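**Q** What the sequence shown shows, in the UniProt record's numbering, is residues 1 to 181, in sequence order.
No residue lacks a Cβ here, since even glycine has one placed at the ideal position from N, Cα and C.
All values reported here derive from a predicted model rather than from experimental measurement.
Handing you this structure, nothing more for now.
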Amino acid sequence: MAMTQEPITTQQRPHDVSRWLRHFGTWRAHARWIFPDKALDTLEAAIRESETEHRCEIRLVIEAAMPLAAVWHGHTCRQRAVQLFHQLGIAHTGERTGILLYINIADHDIELIADKGVHARVPARTWDTVVSQMSAGFHDERYVQSVLDALNTLRGIARESLPAHAGAAPDNALTDRPLMI
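Written out as structure tokens, the structure is:
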């Protein structure tokens, strides 16, 4: 699930009416019910604390449903995650160490994208394991705890691969607050 330089093609069928209806019927309130403000506070604190131990910038994005035009044209959650990776500046961190953890409620999808600086040091199967563990937790309806577990796993991976410079203050280039779309 790591960032690649090759173009990502459409994998969903364009004009998938059932998928479009699922996105149409999934509102931001659904995401807020699963991830209320208190949970977002907890997730933000976990990201902030994690980033004191490594040089990665972790960004969590929770999207209830993709824009309907994108769904109608067959765009995948992976494509949406790549778009957000660039749009939110995660691809523009100093050492290219941005990590996006993207959750799409309507498609029940999780995408993890790591920028070049991280991807070069961590095997792709490592990211797949994080996503698989989160998916299993979501299947058991342990949403917040699954994300916390994934963030803790990412913390260990980042600490091992890109530890913080001794004595240097962390460069917190991106907000730690999870983004709800």
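With which residues is residue 114 paired in a DSSP beta bridge?
**A** On the sequence shown, position 114 is the one that residue 114 refers to. 99, per the DSSP bridge assignment.
**Q** Could you please give me the residues that DSSP links to residue 179 through a beta bridge?
**A** For the purposes of this step, residue 179 is taken as residue 179 along the sequence shown, with counting starting at 1. Answer is 61, bridged to residue 179.
**Q** Please state whether DSSP places residue 149 in a helix, a strand or coil.
**A** Here residue 149 is taken as the residue at index 149 of the sequence shown, counted from 1. DSSP places residue 149 in helix when its eight states are reduced to three.
**Q** Do residue 51 and residue 62 count as a contact pair if the criterion is CB distance below 8 Å?
**A** Mapped onto the sequence shown, residue 62 falls at position 62. Mapped onto the sequence shown, residue 51 falls at position 51. Going by C-beta atoms, residue 62 is not nearer than 8 Å to residue 51.
**Q** For the region 92-110 against the region 62-75, are there 3 or more C-beta pairs whose distance is under 8 Å?
**A** As far as the Cβ criterion goes, the region 92-110 touches the region 62-75, which means the pair count is three or higher.
**Q** Using the Cα positions of residue 56 and residue 155, report the straight-line distance between them to the nearest angstrom.
**A** For the purposes of this step, residue 56 is taken as the residue at position 56 of the sequence shown. For the purposes of this step, residue 155 is taken as the residue at position 155 of the sequence shown. The straight-line gap from Cα to Cα measures roughly 9 Å.
**Q** In the structure shown, what three-state DSSP assignment does residue 30 receive?
**A** By 1-based counting over the sequence shown, the position of residue 30 is 30. If DSSP states are grouped into helix, strand and coil, residue 30 belongs with the helices.
**Q** Using the Cβ count rule (16 or more neighbours within 10 Å means buried), how would you classify residue 117?
**A** Translated into the one-based positions of the sequence shown, residue 117 becomes position 117. Buried.
**Q** Going by beta-carbon coordinates alone, are residue 131 and residue 161 separated by less than 8 Å?
**A** Reading the sequence shown from its first residue, position 131 is the one you call residue 131. Reading the sequence shown from its first residue, position 161 is the one you call residue 161. Not closer than 8 Å, so no.
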